[in-house]
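Everything in the sequence shown is counted per my numbering, starting at 128 for the first residue and increasing by one.
Positions of the beta carbon are idealized from the N, C-alpha and C atoms, including for glycine.
These notes are about the structure you will find just below.
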Amino acid sequence: MQLDYAKSQQILKNSTVLIPQSEIYAAIDEMAKAIDNDIGEEIPLFLTVMNGGMMFAAELTKRLKKPIQMDYIHASRYGSATYGSSHITWYKQPKESQIKDRVVYILDDILDEGFTIAEIRRFILNSGAKECKVAVLVNKDIGKEKPIYADFSGLTAPNHFLFGF
128 MQLDYAKSQQ ILKNSTVLIP QSEIYAAIDE MAKAIDNDIG EEIPLFLTVM
178 NGGMMFAAEL TKRLKKPIQM DYIHASRYGS ATYGSSHITW YKQPKESQIK
228 DRVVYILDDI LDEGFTIAEI RRFILNSGAK ECKVAVLVNK DIGKEKPIYA
278 DFSGLTAPNH FLFGF
């Protein structure tokens with residue numbers, strides 16, 4: 128979906144704020160405390176799912192008190208569409224040498240149906256990670272079971288097309 132300026136303005140005009148910014152930041156503050164308490168003696172690897180997880184990861188990681196290593200991954204079921212396809216497309220995978228015997232946290236903005244995150248987690252564990260945890264800003268209530276749930280989740284939102292942060 129190619130988005131031009133006029134179309135983006137129309138979308139914004141017809142949109143509704145579901146979660147105020149103050150609630151978002153408060154949720155991220157609490158998540159950072161919980162994740163700091165979860166981090167052990169080893170420096171974990173935080174992998175941000177691009178592009179959606181970028182802003183959330185920036186806000187979360189600057190609040191952490193413990194040292195971490197960061198990188199990004201890029202995998203999607205959506206491409207330029209607003210609905211997921213049946214398979215995942217990898218644009219950037221982490222190297223096995225980066226993951227092996229590490230504690231890895233996957234950071235993403237929204238846990239929707241969970242298929243993308245489940246596949247990413249499977250890949251990370253199959254690459255030799257000691258542990259793989261998932262942190263999402265928003266857990267979307269889709270009204271059915273998901274193949275994966277987040278270890279850390281800041282907010283819950285209804286099953287709408289969500290954007291913006």
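Task: DSSP-derived helix/strand/coil call for Lys134 - done: DSSP, read as helix, strand or coil, puts Lys134 in helix.
Open item on the list: For Val230 and Glu258, I'd like the C-alpha separation in whole angstroms.
Closed with: Those two C-alpha atoms are separated by around 5 Å.
Task: Inter-residue CB distance, Ile215 and Glu246 (contact presumed, cutoff 8 Å) - done: With a contact defined as Cβ atoms closer than 8 Å, Ile215 and Glu246 qualify at about 5 Å.
- [ ] Using alpha carbons as the reference points, say which of Asn141, Phe173, Gly167, Glu186 lies closest to Leu264.
- [x] Nearest option by C-alpha distance: Glu186.
- [ ] Specify, as a first and last residue, the run of the beta strand (DSSP E) that Leu238 falls within.
- [x] Per DSSP, Leu238 belongs to the beta strand (DSSP E) from 230-238.
Open item on the list: So, with DSSP's three-state summary, where would you put Ala202?
Closed with: Here Ala202 sits in strand by DSSP.
Task: Where Gln148 sits in the DSSP three-state scheme - done: Three-state DSSP puts Gln148 in a helix.
- [ ] Counting only the same chain and skipping the five closest in sequence on each side, list residues whose C-beta sits under 7 Å from that of Ile269.
- [x] Cβ contact annotation for Ile269 (same chain, cutoff 7 Å, sequence separation greater than five): Asp239, Glu240, Asn286, in chain order.
TODO: Pick helix, strand or coil for Leu139, following the three-state DSSP scheme.
DONE: Three-state DSSP puts Leu139 in a helix.
- [ ] Please state whether DSSP places Leu191 in a helix, a strand or coil.
- [x] Reduced to three states, the DSSP call for Leu191 is coil.
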